[in-house]
Amino acid sequence: VPHNDGNGFSNTCSLSVGSPAQPFTPFWFSVEPQDTVATRAGPALLNCSAHGGAAASAGLRIEWKKDGTFLSPAADDRRQVLPDGSLLFTHVVHSKHNKPDEGTYQCVATIDSLGSISSRTARLSVAGQWTHHFCQNIVNTIVFKILLKKTFTQLSLL
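Following my numbering, the numbering of the sequence shown begins with -17 at its first residue and continues without gaps.
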């Protein structure tokens, strides 16, 4: 700004930009959800945990999205967000025409002073009871054949 100080003109310049710089606060996921296969009517757990430094973590909240839409765990008592941020399904619902739990899930962590971060997406698939029993029958058959072979081997040594 030009001004006259009595001895002539001089210019003074000052620059003020915004507020003072804030220290960097790290904010990250220590655990992200993984693709999971659940059994119909059984429990399921999608893990998630976030951290944002000692002071910032006090205001940390975790929410979940299913197929891109935020869930409201209060509206469905089968789903609950645990204190560490993981999503627990007490029993998975899945039928031919009703598949409310199967889909793509994402954990969203928010600290008001820092903003939000989104985890990787994870797919929750549901295997019907028949699939579980089918797999169990295969395992039982393999174990039986191993035991049978071992028994015949022992008998042939006699």
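Ideal placement from N, C-alpha and C gives every residue a C-beta, glycine not left out. From a predicted model like this one, the values you see are computed outputs, not experimental measurements.
One or two residues paired with residue i in a DSSP bridge
{"i": "F9", "result": "Per DSSP, none; premise fails for F9."}
{"i": "Q88", "result": "K47 and T103"}
{"i": "S31", "result": "V13"}
{"i": "R60", "result": "DSSP, once it has assigned bridges, lists no residue as partnering R60."}
{"i": "L70", "result": "L27 and Q62"}
{"i": "L42", "result": "I93"}
Helix, strand or coil at residue i according to DSSP, with G and I counted as helix
{"i": "A109", "result": "strand"}
{"i": "S98", "result": "strand"}
{"i": "A36", "result": "helix"}
{"i": "A23", "result": "coil"}
Buried versus exposed call for residue i [16 or more other C-beta atoms within 10 Å across all chains shown]
{"i": "V19", "result": "exposed"}
{"i": "R102", "result": "exposed"}
{"i": "D83", "result": "buried"}
{"i": "L15", "result": "The question names Leu, but residue 15 in the sequence shown is Pro. Burial call: buried."}
{"i": "S77", "result": "exposed"}
{"i": "G34", "result": "buried"}
{"i": "F52", "result": "exposed"}
{"i": "R61", "result": "buried"}
{"i": "G50", "result": "exposed"}
Nearest-angstrom Cα separation, counted from residue j out to residue i
{"i": "N80", "j": "F6", "result": "46 Å"}
{"i": "V13", "j": "C89", "result": "10 Å"}
{"i": "A23", "j": "P2", "result": "55 Å"}
{"i": "P55", "j": "L64", "result": "11 Å"}
{"i": "L69", "j": "S98", "result": "18 Å"}
{"i": "S95", "j": "V74", "result": "36 Å"}
{"i": "G85", "j": "K47", "result": "10 Å"}
{"i": "T21", "j": "D59", "result": "18 Å"}
{"i": "F71", "j": "A40", "result": "26 Å"}
{"i": "S141", "j": "T92", "result": "The shown model of the chain, from -17 to 140, leaves out residue 141, and the question about it has no answer."}
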